[in-house]
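Input: a single structure, listed below in structure tokens.
2 protein chains.
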Amino acid sequence: MMEKAGKYEFTIDAYLTDFRGKATLPMIGGFMLQAATKHADERGFGYSSMTLQQRVWVLSRIAIELFDYPKNDTVFVIKTWIVSVNRLFTERHFAFEDENGQKLGYGRSLWASIDLESRKPTNLLELYGLSDYINVGLEAPIEGLSKIPALKDNYEPATRFTVKYSDVDINKHLNSMKYIEHFVDVFDIDMFREKEIKRIEINYISEGKYGTDIDILKRNEDGDSYILEMKDGDNSVCSTRIIWKQIN
Amino acid sequence: MMEKAGKYEFTIDAYLTDFRGKATLPMIGGFMLQAATKHADERGFGYSSMTLQQRVWVLSRIAIELFDYPKNDTVFVIKTWIVSVNRLFTERHFAFEDENGQKLGYGRSLWASIDLESRKPTNLLELYGLSDYINVGLEAPIEGLSKIPALKDNYEPATRFTVKYSDVDINKHLNSMKYIEHFVDVFDIDMFREKEIKRIEINYISEGKYGTDIDILKRNEDGDSYILEMKDGDNSVCSTRIIWKQIN
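Residue numbers (this note's numbering), protein chains in the order written: chain A, 4 to 251; chain B, 4 to 251.
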């Protein structure tokens with residue numbers, strides 16, 4: 004049996020970093036998905052073996068917390084492991100480090116598996132191998148995944164976009180990292196000069212379909228915390244809570 | 004001295020592919036930049052050593068031709084090498100293969116180097132090592148890089164977008180791959196069902212700055228060939244010629 008936790012390295016290419024010369028949240032989210040994909044593949048419950056069982060992984064919630072963003076031309080290390088499995092969900096955690104083992108942050112994620120035909124949840128306890136990899140030796144000491152409240156009042160419309168070809172994944176739905184991109188783009192670039200996003204937490208609710216117009220609503224909860232919600236008409240598509248901190 | 008050509012492998016992660024389960028052009032363009040970055044780094048004229056000399060690479064033109072798009076869960080191999088160097092420009096070519104060595108396509112690119120302060124071109128012949136790596140053994144047998152004509156008439160407005168945080172690079176200008184993304188998003192997803200882009204060629208003209216509204220104009224040259232141009236008011240920012248082919 005392979006080690007329970009997996010360790011993966013990513014180079015922060017200069018041409019992909021933002022104007023601060025640091026990795027962006029959509030990039031880091033993309034690396035987390037790559038790490039999760041490889042970890043699952045290597046252990047027998049990855050994309051291909053899921054497809055053979057007419058199943059596909061669906062990301063339900065994710066939280067990313069960073070004390071420090073990786074800088075361009077450095078190596079970003081992600082450790083990931085499975086924390087729990089029940090019928091409906093499995094939780095996967097992440098630890099982020101620089102090349103010297105210095106901690107940069109942590110992540111948590113919650114996944115379901117749906118049947119490719121019926122689109123209904125499948126029983127994760129039946130999934131060969133998954134439960135064997137539950138790891139109790141590592142920790143991601145950040146606040147847990149939570150339900151973000153729907154915005155019923157006290158919000159302002161922030162922006163609107165149309166889901167396009169580059170936004171959608173193999174299911175013709177907005178891909179998980181594009182949600183992060185559209186959410187962070189709500190904020191003015193000047194905010195990124197004085198502050199950085201300390202924590203982003205996302206609830207994936209329904210699927211943003213190709214061609215739909217998505218409104219993003221925004222509420223400032225207090226000085227540094229915002230809730231944003233994507234809506235396709237009256238239907239909630241996705242919510243996020245984004246917490247900023249002053250740059251030291 | 005290292006080998007003149009470099010060879011780099013990229014995994015086509017399922018969650019990053021489009022609705023066809025194939026890599027997208029922005030992804031392939033991103034891999035090309037990663038390959039170019041690594042090739043240059045390993046040979047002493049990469050991002051860091053350029054920065055030490057107060058210089059930075061600027062992509063001027065790029066062409067990508069694909070007979071076949073890589074499918075999800077496969078390995079995409081890029082070979083890249085330097086073809087020529089003169090005072091102002093260096094040309095770099097690419098060959099794309101699958102994991103069995105089957106050719107998938109080719110790419111060509113033209114680069115200048117500018118001074119970080121004056122933003123003026125620097126003499127590439129002075130650049131230590133670069134000319135030593137000119138490779139004449141490999142070929143990228145596709146049409147050469149050309150000047151795409153400006154759209155003065157016979158065009159239609161296709162779309163308009165605002166350059167946002169996620170669009171910009173370390174210089175606060177639209178990053179090279181985001182141009183491809185905005186260009187391919189002009190086409191309806193239904194076109195990608197029957198056809199695929201056989202060749203995309205881009206001329207980077209001026210820089211798309213954060214916060215500006217960019218119009219994309221479009222002209223159908225003939226059945227399968229389109230010219231698109233990004234404009235910031237009267238200023239041309241970037242042009243592309245995109246050639247589609249029927250899927251076999």
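Quick reminder that beta carbons are idealized off the backbone N, C-alpha and C, glycines included. Values in this document were obtained by computation on a predicted structure and should not be read as measured data.
Identity of the residue in A:Arg244, A:Met5, A:Trp60, A:Asn75 nearest A:Met233 by Cα: A:Arg244
CA nearest to the CA of B:Arg111, picked from B:Asn126, B:Glu94, B:Asp227: B:Glu94
Residue-level contact to chain A via CB, B:Glu142, 8 Å cutoff: no
Own chain residues within Cβ distance below 6 Å of B:Ser242, not counting five before or after: Ile151, Asn206, Glu232
Any chain B beta carbon closer than 8 Å to A:Ser116: no
Candidates B:Ala115, B:Thr77, B:Val86, B:Arg90: closest to B:Asn103 by CA position: B:Thr77
Test item: CB-CB of A:Glu12 and A:Val61 under 8 Å: no
C-beta contact flag for B:Leu154 and B:Arg222 at 8 Å: yes
Neighbouring residues, chain A, relative to B:Glu285 (Cβ below 8 Å): Chain B is shown from 4 up to 251; residue 285 of chain B falls before or after that span and cannot be answered.
Where A:Thr54 falls: helix, strand or coil (DSSP): helix
Neighbour flag for B:Asp235 against chain A, beta carbons, 8 Å: no
Assigned secondary structure, A:Leu127 (DSSP; H/G/I helix, E/B strand, else coil): helix
Exposed unless 16 or more other CB atoms sit within 10 angstroms - verdict on B:Thr20: buried
Distance, A:Arg23 Cα to A:Arg196 Cα: 8 Å
Cα-Cα separation between A:Gly226 and A:Ile173, rounded to whole angstroms: 38 Å
Opening and closing residue of the alpha helix (DSSP H) in which B:Met194 lies: 194-197
6 Å Cβ shell around B:Thr27 - same chain, five flanking residues per side excluded: Asp21
Min CB distance B:Tyr213 to chain A below 8 Å: yes
Interface residues of chain A facing B:Pro29 [CB-CB closer than 9 Å]: Ser169
Length at least 4, wholly inside the stretch 43-119 of chain A: the alpha helix (DSSP H) runs in chain order: 50-55
Test: A:Asn75 CB closer than 8 Å to a CB of chain B: yes
C-beta contact flag for A:Val59 and A:Leu119 at 8 Å: yes
C-beta neighbour in chain A for B:Phe34, strict 8 Å: no
Rounded separation between A:Pro124 and A:Leu130 - CA only: 12 Å
is_contact[B:Lys175, chain A] using C-beta, thresh 8 Å: yes
Through-space distance from A:Ala17 to B:Asp235, alpha-carbon basis: 26 Å
Distance between beta carbons of A:Ile200 and A:Thr162, contact taken as under 8 Å: Their Cβ separation, rounded to whole angstroms, is 17 Å, which puts A:Thr162 and A:Ile200 out of contact at 8 Å.
Contact under 8 Å by Cβ, A:Lys7 with A:Trp84: yes
Minimum Cβ-Cβ distance from B:Ile192 to chain A less than 8 Å: yes
In DSSP terms, what A:Leu28 is bridged to: Partner(s): none; A:Leu28 has no beta bridge.
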